[in-house]
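Written out below as structure tokens is the structure these notes cover.
Protein chains: 10
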Amino acid sequence: MDKLEMHHTLMAAKARKGLSWESLGEMTGHSPVWIASACYGMNSAPPETARKIADALELGDDVARALEAFPTKTWDGAIPQDPLIYRLYEIVGVYGPTLKDVIQEKFGDGIMSAIDFEMEVEREENPKGDRVVVTMSGKFLPYKGW
Amino acid sequence: MDKLEMHHTLMAAKARKGLSWESLGEMTGHSPVWIASACYGMNSAPPETARKIADALELGDDVARALEAFPTKTWDGAIPQDPLIYRLYEIVGVYGPTLKDVIQEKFGDGIMSAIDFEMEVEREENPKGDRVVVTMSGKFLPYKGW
Amino acid sequence: MDKLEMHHTLMAAKARKGLSWESLGEMTGHSPVWIASACYGMNSAPPETARKIADALELGDDVARALEAFPTKTWDGAIPQDPLIYRLYEIVGVYGPTLKDVIQEKFGDGIMSAIDFEMEVEREENPKGDRVVVTMSGKFLPYKGW
Amino acid sequence: MDKLEMHHTLMAAKARKGLSWESLGEMTGHSPVWIASACYGMNSAPPETARKIADALELGDDVARALEAFPTKTWDGAIPQDPLIYRLYEIVGVYGPTLKDVIQEKFGDGIMSAIDFEMEVEREENPKGDRVVVTMSGKFLPYKGW
Amino acid sequence: MDKLEMHHTLMAAKARKGLSWESLGEMTGHSPVWIASACYGMNSAPPETARKIADALELGDDVARALEAFPTKTWDGAIPQDPLIYRLYEIVGVYGPTLKDVIQEKFGDGIMSAIDFEMEVEREENPKGDRVVVTMSGKFLPYKGW
Amino acid sequence: MDKLEMHHTLMAAKARKGLSWESLGEMTGHSPVWIASACYGMNSAPPETARKIADALELGDDVARALEAFPTKTWDGAIPQDPLIYRLYEIVGVYGPTLKDVIQEKFGDGIMSAIDFEMEVEREENPKGDRVVVTMSGKFLPYKGW
Amino acid sequence: MDKLEMHHTLMAAKARKGLSWESLGEMTGHSPVWIASACYGMNSAPPETARKIADALELGDDVARALEAFPTKTWDGAIPQDPLIYRLYEIVGVYGPTLKDVIQEKFGDGIMSAIDFEMEVEREENPKGDRVVVTMSGKFLPYKGW
Amino acid sequence: MDKLEMHHTLMAAKARKGLSWESLGEMTGHSPVWIASACYGMNSAPPETARKIADALELGDDVARALEAFPTKTWDGAIPQDPLIYRLYEIVGVYGPTLKDVIQEKFGDGIMSAIDFEMEVEREENPKGDRVVVTMSGKFLPYKGW
Amino acid sequence: MDKLEMHHTLMAAKARKGLSWESLGEMTGHSPVWIASACYGMNSAPPETARKIADALELGDDVARALEAFPTKTWDGAIPQDPLIYRLYEIVGVYGPTLKDVIQEKFGDGIMSAIDFEMEVEREENPKGDRVVVTMSGKFLPYKGW
Amino acid sequence: MDKLEMHHTLMAAKARKGLSWESLGEMTGHSPVWIASACYGMNSAPPETARKIADALELGDDVARALEAFPTKTWDGAIPQDPLIYRLYEIVGVYGPTLKDVIQEKFGDGIMSAIDFEMEVEREENPKGDRVVVTMSGKFLPYKGW
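Residue numbers (UniProt numbering), protein chains in the order written: chain A, 1 to 146; chain B, 1 to 146; chain C, 1 to 146; chain D, 1 to 146; chain E, 1 to 146; chain F, 1 to 146; chain G, 1 to 146; chain H, 1 to 146; chain I, 1 to 146; chain J, 1 to 146.
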């Protein structure tokens, strides 16, 4: 079972069981964002986590093994089209050089890792309209001469 | 004075005066990220803020007026190349559909605004290597039928 | 049933029943443009509306559920090719910077939302040849500093 | 004087004189959108209109002649980046096939002309936030066999 | 039956019956170019013409209905590769600005319509090698201010 | 003097002298389309023709020599944007495979040359609106095995 | 049978029979390069040649007819990736303008035809390593004014 | 002096002196194609050759040194537009896989080097029209396992 | 059996047998990198090696023959997306001109062959985190005039 | 002084002084590859190193300061054209998935860092032709769930 079939199997089972990413996160002791990314085929799950996800969704060993497999990460379209994802892309375009400058003012020459990396999504209540709060945390990796 | 010339003038003055985005943020009562984005020509500053930035950097009215101008936001390259900015793009590619699903689970069908939007950068100390923490907050905009 | 299969099912039923977007709009209390966009898989319908569409076209629950699903909006080709759609793209290319200037003269720095957004199409009789009148209405979203 | 130099000259004079597109429209008996598009170099003005624009902005014959010249219409970037213009592009992407279907239901096989075409922008007051209303009117051109 | 299946069905029947575009044009009172474009799925045929084409090729109602459907016109590859079609593209590239200037000298600012448009192909005998003569006729559409 | 400078010099002189492509064609015994293409830098003129063009526009030897030079033919943008030129591109897209089939029905396997090639533009009066008539004539080049 | 299926059928039969392009060329009185290009679906074979190829490979009439069909020539990827083919592309990139200048020095303004064209491949023994020798011969087509 | 300035200087001097690539080749004992490619900035000349070219064109040491410099080889446009160069590109597209198969039939798995490579251009007289003959010779490089 | 089917068959058998590239390399006397590249369909294996791989994985003759076939090397996406592969692409982008200069300083004008080429991957233990060591060795190919 | 001007200044001084990357590496205690990359503007040098480079080349403080600045890393062309650099790109294309599999077999799911990264170039003597040996060493970064 490849990652694509795994993803469709997981999504169908999740809908059937009426489970949320929130609850799958709690059952496995992981962030809902990370659990979702594993189920979208973008991260590999350790065996015990893969087992827990499959069990929670009453799915078999083939799904668990597919969750463990090391993924090849790809995405459709250099420039995303769905409005929610495009807005994130636009933020990178508009604020990319600004973020680079502000981060490097705080840390020196280097980057924020996208591998040693975590991300959370929260809902912030607000009388003018609730807000989506996305928090990213990545290890700073300094450039070093040699 | 257009936004590009304004940006180079501001960067040179900032270096000459030895000021940080942190301190410019404090002087103007704004976030360092937003102040930097205005100085990169990606946001327009209200007159009093433009005045304060120009004064802090001992620059003239033409710079203040350029800071007030409504920018046309553009960026080089559909796919960024600088490693720090590329990693942000990669995060959007790898986690975009995941974020869409997790956000819409919490909020229903809609998007996070990139206009009614704020962003902060923090340094988090960590014995395994300090971490860059980026927090984005955007108003949720629901889709509505008509 | 995914959005693509839903779309083909809906289009075939609509042709079979001889119904127009106009009449589907009236039956559901929605604009024909919005109803069509939901049936093209570009917007999610609330449950009662999804039910009404399915009933009007004598289709089952699977279609209604597919109409309710939150879509991932994508389109073929960065530059459209069909002449009707290309002309709209050309209008954005030719008049984009003009519209930006005229809108921002009236409203200040900000954008017209494409999410809190409505659109209608009317036929205007004209002795020199009838005219297509497209009206777009989107909430103005101002940029704010932080 | 080419269209680019003409545009910069006109914009500088417009700012110096403190004139709006609204007032330039009134002075010339044209829509503000069309006047702006001519000043952006995207449409050619008839001699008397060109003369009126140049006079209103106290500019010379070379500007008037440049306004009269037939433009070559081009734009930067197949996919626009400025958020205001991108939202228009996104609307074409998301609603393009829908508009095609709704227009052709009303008119038969054909297109809305982008040449025999007019467009207006209005501000609509709204307690939940004012709205941008864009109205396009283009002659319907039917396909004919031969 | 969609336009693609219709096209393959029509081409197979045309080969089986040994009919040419020339003869199909005569049978239907249309130009061979237009008849071919309808059978390639690029134009919609009026009911009686669709009926005649289907009858001439001994095909059923489903083909006739598919010929009547309003097509979405698309093509493969922004830059064509087949040498015959590429040469046409090259002519547009090499002579495009020249044609614009010569047409606008004769007609004023405007374009040649590609919708109210006809095209013929003739074989011209020539001792140095016969020539392909392509004649295009499109209504001139003037730009108008508003 | 390169082709670009030559082109601008020729266009300025043509405007100053109030000459049309029509009249330049007559003076030199060439088609207005071909004369214009040589002055746009897309074809090389034989010495006597180059001389006549330069004389008619009261320009010097450097312009005549530039007209004689063998051009490197290039154009901006794989997909043209100006509406007049785009319509020609659209015609190639929509009718390319149709033309290939109709031409090859008349001639066998081969192409229409874009090198041994001529093109004319005529204005055809028409009570419903005058028409642009473009006639292309290219030698048929058959494919041959070896 | 379309060209793709024809190609796969021919390649499988060629492997099964253990025939080389060299021998197929000899059997049909054609160059191995041209025979291979016809079997790759890039050229149409005259009926007797098509018959000979099919007979040599013990294939049926459908293959012979597919060999006779006029192909639509297309290729994958504007920039080829396979190293052997990329090197040819690189040669065009590196030496293109040089070849243009050297050819036009010998022939005047014009091009080498890719239609009235032949190509051979030879193996040249060489103590430092054998060499691939590719010879192209195309009719010179001069540009002519009109 | 960079390669671009060197190229323009060499071309101007070559025109002024009325020298051909043919004669420059003879003076230096090199092929006209290679000499031209060095003067187009696409190959580095050994010191004595650089000296001879500069002397033949009465140019200085800076030109000779620029001829010696190791070039960075680049070209404009992934797909060439000038018809002469495009035809070469088209040949690679149409015949690339054919050449790969014919070469590998003769040599085994490997490629023709574009580095250990030579190319000549000849004019072949022909009553039906003279022909351009291009001969390429590249060392065969076999793939080897390790 | 084509290279794609071969690859999937090999990967499934390798997982079933629990074999590593390391061990397959040892069994065949090849580098694990080269063996893997042959099994990914990017290199052709000599008959005895193909036989050994198929035997080790208990696969049949069709797999061995597919391993022997000369591959057409292609890859998805001009710019890779998977983070591991993208980092390699980034290294080429960031260090490409540097490597060119350093290599040509040591060797003169020429390139490192990608055909007469070998590559190894090692794990280097390191208290700060183990390191991936990739070693490439390619024959230097000098440019030569002719 | 920006990185581009710095690069040209450094290259001119290096040529004038007749220094190699090898010797600059020795003078500063760094690898020639890293020193070259800093002088190409792709890495920032610590103050003392910047000072040493400027001194070795008899250049001023502005160059030293430019060497210290944090670079924005960009490169021309998604696909490189110079043959030496293209071959590296080709290696990434051909061997990318192979390297991913071999590295992840040794290390588990993760990547080789391009930031905590070193690279060396060696010349290996070889009777069949000397070889370029490129060694890359990057820290392995494992993916971790959260």
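We treat Cβ as the ideally placed atom computed from N, Cα and C, and that holds for glycine.
Where residue i meets chain A, residues with beta-carbon distance less than 7 Å
i, result
"residue 93 of chain D", "81"
Under 9 Å by beta carbon: chain E residues contacting residue i
i, result
"residue 38 of chain G", "The contacting residues do not exist; residue 38 of chain G stays about 16 Å from chain E at best."
Residue i, buried or exposed, once every other Cβ within 10 Å from all chains shown has been counted against 16
i, result
"residue 131 of chain B", "buried"
"residue 87 of chain F", "buried"
"residue 142 of chain H", "exposed"
"residue 127 of chain C", "exposed"
"residue 12 of chain G", "exposed"
"residue 8 of chain D", "exposed"
"residue 100 of chain C", "buried"
"residue 2 of chain D", "exposed"
"residue 15 of chain H", "exposed"
"residue 4 of chain G", "exposed"
Contacts of residue i in chain H (Cβ-Cβ under 9 Å)
i, result
"residue 113 of chain I", "113, 115, 141"
"residue 90 of chain E", "81, 83, 86"
Cα-Cα separation, residue i to residue j
i, j, result
"residue 124 of chain H", "residue 27 of chain G", "28 Å"
"residue 112 of chain H", "residue 20 of chain G", "20 Å"
"residue 104 of chain H", "residue 77 of chain G", "21 Å"
"residue 79 of chain C", "residue 79 of chain D", "8 Å"
"residue 33 of chain C", "residue 138 of chain C", "15 Å"
"residue 66 of chain G", "residue 57 of chain G", "14 Å"
"residue 52 of chain E", "residue 39 of chain C", "34 Å"
"residue 89 of chain H", "residue 55 of chain B", "59 Å"
"residue 62 of chain G", "residue 47 of chain I", "35 Å"
"residue 129 of chain D", "residue 140 of chain C", "7 Å"
"residue 122 of chain A", "residue 22 of chain A", "11 Å"
"residue 83 of chain C", "residue 45 of chain C", "29 Å"
"residue 37 of chain E", "residue 98 of chain D", "24 Å"
Identity of the residues DSSP links to residue i by a beta bridge
i, result
"residue 51 of chain I", "In the DSSP output, where bridge partners are listed per residue, residue 51 of chain I has none listed."
"residue 132 of chain C", "C/123, D/138"
"residue 118 of chain D", "D/137"
"residue 112 of chain G", "G/140"
Within chain F, partners of residue i - CB distance below 9 Å
i, result
"residue 151 of chain E", "Any question about residue 151 of chain E goes unanswered here, given that chain E covers just 1 to 146."
Amino acids of chain G, ordered along the chain, whose beta-carbon sits closer than 9 Å to that of residue i
i, result
"residue 145 of chain H", "Neighbours of residue 145 of chain H on chain G: none; closest Cβ ~16 Å, over 9 Å."
Chain I contact residues for residue i, given Cβ-Cβ distances below 7 Å
i, result
"residue 32 of chain J", "102"
Proximal chain I residues relative to residue i, where beta-carbon distance stays under 9 Å
i, result
"residue 135 of chain J", "133, 134, 135, 136"
Partner residues on chain E for residue i, Cβ-Cβ distance less than 7 Å
i, result
"residue 123 of chain F", "106, 107"
- Query: When Cβ atoms are compared, which residues of the segment 56 to 88 of chain D fall closer than 7 Å to chain F?
  - Reply: Within the segment 56 to 88 of chain D, the residues whose Cβ lies closer than 7 Å to some Cβ of chain F are 72, 73, 74, 75, listed in chain order.
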